[in-house]
Structures are given as C-alpha cells and as structure tokens.
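S.K.: Okay, here's the structure, questions in a sec.
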Amino acid sequence: MGKRMGMEVAMAVAEAVGLCNIDMAAVYPITPQSHIAEHLSDLVANGEIDAEFVTVESEHSAMSAVIGASGTGARSYTATSSQGLMLMHELLPIASAMRLPICMAIANRAVSGPLNILNDHTDIMPQRDSGWISMFVENGQEAIDMSIIAFKIAEHKDVMLPVNINIDGFQLTHMVEPFEMPTQEEVNQFLPPFVPHATLHPAKPVTMGAFAMSDYFAEIMKAKDEALKNSKKVILDVWDDWAKIFGRTYKPVETYMADDAEILMLTMGSMGETAQVAIDELRAKGIKAGLVKLRLWRPFPLEEIKAVLKNTKKLIVTDRAISFGGPGGPVFSEIKSALYAEAQRPLIYNYIYGLGGRDVPVPDFVGMFEKVLADTAGKLADSYEFWGVRE
Amino acid sequence: MNIVENFDLFAPRLINKKELLSSGHRACSGCAEVLAVRLMAKALGENTVIASATGCMEIVSSMFPTTAWEVPWIHVAFENTAAVASGVEAGLKALRKKGRIDDRYVKVVGMAGDGGTMDIGFQALSGAMERGHDMLFVCFDNEAYMNTGIQRSSGTPMGASTTTAPAGKVSIGQKTWKKNMPEILVAHAIPYVATACPSYPLDFIRKIEKAKSIKGPSYIHCFSVCPTGWRSPSNMAIATGRLAVETGVFPLFEVENGHYHLSPDMPKKLRPIKDYFKGQGRFRHLTADDIEMIQKKVTAEFNKLKEKAKFLKTGNE
C-alpha cells in the first residue's frame, strides 16, 4: 500500500514523476505549471531523481529538447500550460509522428487574449489533432496515478505515442489534497524499463524525421491514426494492471448515477466533482439526473460514449472552451458527431462555462439542469449558451 | 601541389576516407554547402549524432524512405535545432551515466543554414550555448533562404539581390549589413568559435576536429557558396569561396577562450571586393559607388578583426 499523505497536487505530480526513473526533463516556467517544474528541480537537486534537468529558454525548446532526448531512448518528461502549450503546438504532431513516448503534464489555463492565468480548457483543445494520447483528471489522486500510468502507456511497444495529462490549473494544481502516494517498490512493479525500438546512437545509425512528399505522406498519416486508435486497447490493459496493484479503477468514460438517469450531464476534468454534488441535490428532489465524465479525450472513446448515452433523453454537454464562429464547444461537437448515426439519440444542450477561471458553484450546475428540464419542447437543444456570462 | 599529385599517399593522413554523407543526395550541382557538410561528417567520424534544421541540407539528404546519412541523424523542425541537440546531448549523458548505452564518447552536432541559425533559430542557439551543452553547432551560411527560393535573411550581405530584397529602380537589394554571428557567439563566452569555408578544406577539417575535441559548446560559421542562389557558375563555387576570403568579405579566424587568431590561409594583403562581386549575378546591378561603400565597410571590419587578433592573442594577456 502506498503512503497516505497530503500535499499540493502540482508537487505531488512531480513526486509521482520522480518515482518513474525518468532520464531527462526539460521545462520552462509558466503559471500554473511552475510548481511541477520547481518541485522536479528540487528532487533532482537533492539526488532523489537521477535525471538530466534542462532549463530551456522557451516551451518550444522544452518540447524540442524532450524530442531529442526521447530520440536517444531516454525517458523524457515536460510540463506546461496555456501559452507555453501554444508555443509547443508546432512540435506536437512531430513528436507523435516520430512515435516518441514523451509524457507531459498540462496545467490547463486559459489562452490569451486577454491575458489570463486561470483555468479552462482553451489551451488543450487546439492540440486535439496533434496525434497525442490525451486524458483528463478530476482530483489529485488521479493526477498522481495518471502521471505514472502515462509512461507505461506511451512506451508500450504497440503504442509508442506521446501522452498528455490534463490537470486543471489552480483548481487542481494548487489544491492541497489528501491522497495515497505509491511506493517506489509498487511503481517498479508496475512500470517496466523503457525499451525503445530505435535510438540515436552510433552503435546503429538511424535517420529520424525524414522528409516525405505526396508519395508517402498520406500513408504516414493513416499509420498514425491507426496507432492512436489501437492505443485504446493498451490504455485499458494498463488501467487494469494499475487496478490490480493499487485497487483504483479507471475507465475512458466514467459515470455517476447514470444507469437510470433521464437527463445526463457530461463534464471533463475537475468540474466533475462539483457536478456530482449537484446530481445529489437533484436526486434528493426526485429528479433522475446523472453524470458522465469523459476521461479519455484522444483516442476518442466512441463505443463507450455511445453505450453510456444510449438511454438518456436529454444530455447537457459542458465545455470549457469555444470554437469561435462554430457550432458550439469542441466537446459538444464531438459528442453530437458520435451520436449522429444512432437510431435513438438524446436532445443535446451545450453550456460553455468556467472560462478564464470563472467559478462554477453547485447552484450553477443545478440551474443548467433546471433550464434544460424546463425546455419541454426541446427548443434550446442543438445550440450553445455561455453560462453565467453578462450580456 | 604535392598534396594533389600524391593524393592517395597524403589523403588518408589528412582526411577520413569513409563517407558518412553518402552520394546520391539531391543537392544542386556545384553546391559548396553539401561539400562542406560531407567534409564535416568525415572530420567528425562515426561517433557523432547530428541534429539538422529544416533546409536544403535536410531535404536533399533525407527523402523518405531513403537517407544519405551514415551517422545517427535527426530533423525535427526549422527553428529548434540547438534545442533538439540539447536534448540529444542530455539524453545520451543520462543513459551513459546509468550504463544503458556503451561508454564511448559521442559528439552531438547541430547544423542549420543562415536562416535556421541567425534568424528563426537564434533563440534556441543562444539558449543552448548559454546552458553550456557539450555540442558543436555549425551554421552553413549561404546568405539567404535558398531552400524556399532565395529570400533575404539577416545573413544576406549588403547589396545582394534576393527575391524579397530585389534590386530595383529605387533599391540596391539588401539594405542592411550582414549580422555578425561569430561575434555574437564570442559574446556567449563559449570555448571555441571559428569561421571556415569548404574552399579551404584542410582548414575546415582542422577546425571541426578542434571543435570536436572541446568538451563544451562550440560554434563554426561555414561560408557556403550557393551557385543557384548567387547566380554564379556552378563550376566556380570553390573559386568564389576563395575570393570571399581573399577579399576579406569572409575572413577566416578562430576565437579560443576569447583569444583571436587569423587562420593561416588569410592573405597579408586583401584583394578588392569587386573581384569577388563580378562573378555573381546577385551583385551585378551594383554601381561603382555602391561597391565603394561596401568596400569601406569590409576594410574597416577586417581592420577591427586584425586589431582583435593583435591584442587578444594567446599568451598576450
């Protein structure tokens, strides 16, 4: 059994990464990721992590350096937020195309402008199509667990793809939470050493990052899509491995009071816990409300989503980002598209909320349910609304 | 002369006969840059990992599914070569320390063109040099964005006509002086900075070997004649490089721990720059006054360099 303790989540994430025998980390400071970077550097400075710690001059160079290091076969880690992630954007599809199992924490933060340092999902959503495995966590325990699990998934020989773990900035990263920290022995038992399939070393020279024109490019894109889709099987297996050692079970789509629900809400990240309290209040009033939490964003869990939504009459999709001038929030669009071909599908509502760190307390979630329940004619379905925003 | 006549006798002592950038790459005929890259690879030898920027040398050598590289080689993007090389160096260091790879010394080398070094790659290079990675960075400077079609860079010399700084009725072409990249690297206080040109192959090889022997950051700025972009005859690339050196347009020198030395191939007396300009279409439009204006700058810069060599030479502190 791991050790019960309390700590700030960002620091706990660094501690968890420290249990993974990483070889190299490259980081550039940005709020609210900084505590991960600072605590990692403390661990390296105290000899608790035997790794090269490269304090680069930008996030672009952070991602470039972990790509270079991962190319040598070194277990490589970085963490960022918001503008830093946007600066890395160019390199994310290169990392996945090169099949480098880099792991990255994203302390999710609003993208400028205007400049804002607080939490939403506008930083990760533009990275959706970069070919990374992408998952969200809801609390400190999940952040710790996924930070370790990420390496095993990324480095699996049938995956070999980079992984990002989305941890809501401040609302999660800066909370002091109680959790169980795995022991080194448990992590050693769970996480095998990284065995790369090709490395940058003169013992066997390879060319990485070759130039491909129209005669090969499309095939390479298809191969990457198949690799990402096929990774789901490994993700499920690795979560099973985790459950066997640690007793905590993870699924691509998790539910709360959803089995008999007539109205469901879908959340991602830390908002799930607040929404859960709202569900309890609604249930106490006799309303059959339930919650769906989307943990795995890429590869998108199409089958699981269809299965959990098949009986509901109304679905509220919440988004912490917006596709400007588009059909609504990015999660809303994906869920709608996933259900389009289903014979029986719910009315789908979209609330865009919690932007730039705007607080969304329990009564707001209750309010969303009440508004959708009152819409008996379904007039508000298939459109989006900014929740709690002044006109 | 004896060296050429007795090449097979002398060559093995002067140069690694093994080709590490193999033939069959797609560079233009007369490309002095690819010659420089080939010589660099020979001088570095097999225990090398190269990180390359996007550019001519990258696309001509790595057309999937083929490669011209016989040493480990990685290309990621345009502006980040020095950062990629930083990561390679850090990764190899960690793995060697942990005994996961064999214990041999491997030199990490970053290479980029003038755009990938002096413009878009400038920040990553400055960061890597400041952090002190054990890395050689070589700028293959052909004085414009040749891969995209001869657009001006901060390495383009005053008066050169390019596709984004064309000579016209009211323009002499490039209106700015070439950025002095070697001096900027000297300001990073790294152990070794040198300029070189494949028209002086033995000098170039010697400098690469010296940089290889240094455990820490080093920088070589390699003048790389581009017949396609400079509109000069492809059979004159080597001669054109020699003229750049003989006129002082591109002086050959080394700076070791802050101490300046002019390279042995530098002539005592410089030729006039018009000798260098006349073989190149990019300078054809320049008037006698324009050339005079540039000549003054070249002379002044060379005099400054000579002063540095005089007062900042080894043993003269």
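Note that the protein sequences, when read in sequence, are chains F and G. Residues in the first sequence are numbered consecutively from 1, following the numbering used here. Residues in the second sequence are numbered consecutively from 1001, following the numbering used here. The C-beta atom is built at its ideal place from N, Cα and C for all residues, glycine as well. Just so it is clear, the structure is predicted and the values come from calculations on it, not from any experiment.
What is the DSSP secondary structure of threonine 1240 of chain G, reduced to helix, strand or coil?
M.R.: Here threonine 1240 of chain G sits in helix by DSSP.
S.K.: Do you know how far the Cα of isoleucine 335 of chain F is from the Cα of phenylalanine 1122 of chain G?
M.R.: Their Cα atoms are separated by approximately 43 Å.
S.K.: Taking C-beta pairs closer than 8 Å, name the residues in chain F that glutamate 1070 of chain G reaches, listed in chain order.
M.R.: Result: Pro205.
S.K.: So, at 7 Å on beta carbons, what are the nonlocal neighbours of serine 82 of chain F in its own chain, with the 5 sequence-adjacent residues on each side left out?
M.R.: Result list for serine 82 of chain F: Ile30, Arg109, Ala110, Val111, Asp123, in chain order.
S.K.: Under 8 Å between C-beta atoms, does aspartate 23 of chain F make it to chain G?
M.R.: Cβ-Cβ to chain G under 8 Å: yes for aspartate 23 of chain F.
S.K.: Using 8 Å as the limit for Cβ to Cβ distance, is isoleucine 1101 of chain G near chain F?
M.R.: Judged by the 8 Å Cβ criterion, isoleucine 1101 of chain G is in contact with chain F.
S.K.: Where are the beta strand (DSSP E) runs, 3 residues long or more, that stay fully inside the segment 1069-1146 of chain G, in chain order?
M.R.: The qualifying runs are 1073-1075, 1107-1113, 1135-1141.
S.K.: For glutamate 52 of chain F, which residues in chain G fall below 8 Å Cβ to Cβ?
M.R.: Going along chain G in sequence order, the residues near glutamate 52 of chain F (Cβ under 8 Å) are Ala1090, Gly1091, Lys1093, Ala1094.
S.K.: Output needed for phenylalanine 369 of chain F: all residues of its chain with C-beta closer than 8 Å, excluding positions within five of it in sequence on either side, in chain order.
M.R.: So the list reads Ile263, Met265, Ala278, Leu282, Ile287, Ala289, Ile316, once near-sequence residues are dropped.
S.K.: Using a Cβ cut-off of 8 Å, pull out every chain G residue sitting near proline 202 of chain F, in sequence order please.
M.R.: By Cβ distance, chain G contributes Glu1046, Asn1047, Thr1048, Val1049, Val1071, Pro1072, Arg1104, Val1106.
S.K.: Work out the CA separation of proline 178 of chain F and phenylalanine 332 of chain F for me, nearest whole Å.
M.R.: About 33 Å.
S.K.: If I measure Cβ to Cβ from serine 58 of chain F and keep anything under 7 Å in the same chain, skipping five residues before and after, which residues do I get?
M.R.: Cβ neighbours of serine 58 of chain F beyond the five flanking positions: Tyr28, Leu87.
S.K.: In its own chain, which residues sit with a C-beta less than 6 Å from the C-beta of methionine 1001 of chain G, not counting the 5 before and 5 after it?
M.R.: Here the model assigns methionine 1001 of chain G a pLDDT of 48, short of 50, so the residue's position is not dependable, and the following value carries that caveat. Excluding sequence neighbours, methionine 1001 of chain G sits near nothing in its chain.
S.K.: Measure the alpha-carbon distance for methionine 1111 of chain G versus serine 64 of chain F and round it to whole angstroms.
M.R.: Straight-line Cα distance between these residues: approximately 15 Å.
S.K.: Relative to the C-alpha of arginine 99 of chain F, which residue among F/Ala69, F/Arg390, F/Met146 is closest?
M.R.: For arginine 99 of chain F, the nearest C-alpha among the options comes from F/Ala69.
S.K.: Along chain F, which residues have their Cβ under 9 Å away from the Cβ of methionine 1063 of chain G?
M.R.: Those are Ala210, Phe211, Ala212, Met213, listed as they occur along chain F.
S.K.: Check whether the segment 1008-1026 of chain G and the segment 1098-1114 of chain G touch, using three or more Cβ-Cβ pairs below 8 Å as the test.
M.R.: Contact between the segment 1008-1026 of chain G and the segment 1098-1114 of chain G is absent, because fewer than three Cβ pairs lie under 8 Å.
S.K.: Measuring CA to CA, which of G/Cys1226, G/Trp1230, G/Glu1209 is closest to isoleucine 1220 of chain G?
M.R.: Nearest option by C-alpha distance: G/Glu1209.
S.K.: Do you know whose CA, among G/Met1063, G/Ser1029, G/Asn1006, lies nearest methionine 1236 of chain G's CA?
M.R.: The candidate whose alpha carbon is nearest that of methionine 1236 of chain G is G/Ser1029.
S.K.: Could you name the residues of chain F that lysine 1098 of chain G contacts, counting a contact when the two beta carbons are closer than 8 Å?
M.R.: Residues of chain F passing the Cβ test: Asp23, Asp50.
S.K.: Using a Cβ-Cβ cutoff of less than 8 Å, which residues in the same chain neighbour glycine 209 of chain F once the five nearest sequence positions on both sides are dropped?
M.R.: Once the five neighbours on either side are set aside, the close Cβ partners of glycine 209 of chain F are Ile94, Met98.
S.K.: Can you check whether the CB of serine 1154 of chain G is closer than 8 Å to the CB of tyrosine 1145 of chain G?
M.R.: No, the Cβ-Cβ distance between tyrosine 1145 of chain G and serine 1154 of chain G is not below 8 Å.
S.K.: Specify the secondary structure class of glutamate 370 of chain F as computed by DSSP and reduced to three states.
M.R.: Looking at glutamate 370 of chain F - three-state DSSP - the assignment turns out to be helix.
S.K.: Give me the residue from G/Ile1238, G/Lys1313, G/Asp1289, G/Ser1022 with the minimum Cα distance to alanine 1068 of chain G.
M.R.: Of the listed residues, the one whose Cα sits closest to alanine 1068 of chain G is G/Ser1022.
S.K.: Going by DSSP, what residue range makes up the beta strand (DSSP E) through serine 134 of chain F?
M.R.: Unbroken beta strand (DSSP E) run through serine 134 of chain F: 133-136.
S.K.: Hey, quick one: how far does the beta strand (DSSP E) through alanine 289 of chain F stretch, first residue to last?
M.R.: Unbroken beta strand (DSSP E) run through alanine 289 of chain F: 289-294.
S.K.: With a threshold of 8 Å between beta carbons, is isoleucine 94 of chain F in contact with chain G?
M.R.: It does: the Cβ of isoleucine 94 of chain F has a partner Cβ on chain G nearer than 8 Å.
S.K.: Measuring alpha carbon to alpha carbon, tell me which of G/Ala1077, G/Gly1045, G/Leu1044 ends up nearest cysteine 1056 of chain G.
M.R.: Per the Cα distances, G/Ala1077.
S.K.: Answer yes or no: does any C-beta atom of chain G fall closer than 8 Å to that of aspartate 72 of chain F?
M.R.: Per the sequence presented here, residue 72 of chain F reads as threonine, with aspartate not at that position. Judged by the 8 Å Cβ criterion, threonine 72 of chain F is in contact with chain G.
S.K.: How would you label tyrosine 353 of chain F, buried or exposed, when you count the other beta carbons within 10 angstroms and need 16 or more for buried?
M.R.: By the neighbour-count rule (16 or more Cβ atoms within 10 Å), tyrosine 353 of chain F is buried.
S.K.: Answer with yes or no whether the minimum CB distance from valine 1109 of chain G to chain F is below 8 Å.
M.R.: Taking Cβ atoms only, chain F never reaches closer than 8 Å to valine 1109 of chain G, which makes this a no.
S.K.: Are lysine 1296 of chain G and tryptophan 1177 of chain G close, meaning C-beta to C-beta below 8 Å?
M.R.: Going by C-beta atoms, lysine 1296 of chain G is not nearer than 8 Å to tryptophan 1177 of chain G.
S.K.: Whose Cβ in chain G lies nearer than 7 Å to the Cβ of isoleucine 67 of chain F?
M.R.: Within chain G, the residues near isoleucine 67 of chain F are Val1076, Val1084, Gly1087.
S.K.: Enumerate in chain order the residues of its own chain whose CB-to-CB distance from proline 126 of chain F is below 8 Å, with the five nearest sequence positions on each side excluded.
M.R.: Here the set comprises Met86, His89, Val111.
S.K.: In the DSSP output, which residue or residues are listed as bridge partners for aspartate 168 of chain F?
M.R.: Note: aspartate 168 of chain F sits in a beta bridge opposite F/Asn108.
S.K.: Identify, in the order they occur along the chain, each residue of the same chain with its Cβ nearer than 7 Å to the Cβ of methionine 271 of chain F, setting aside the five sequence neighbours on each side.
M.R.: Closer than 7 Å at the Cβ level, and outside the excluded window around methionine 271 of chain F, lie Thr318, Gly354, Val360.
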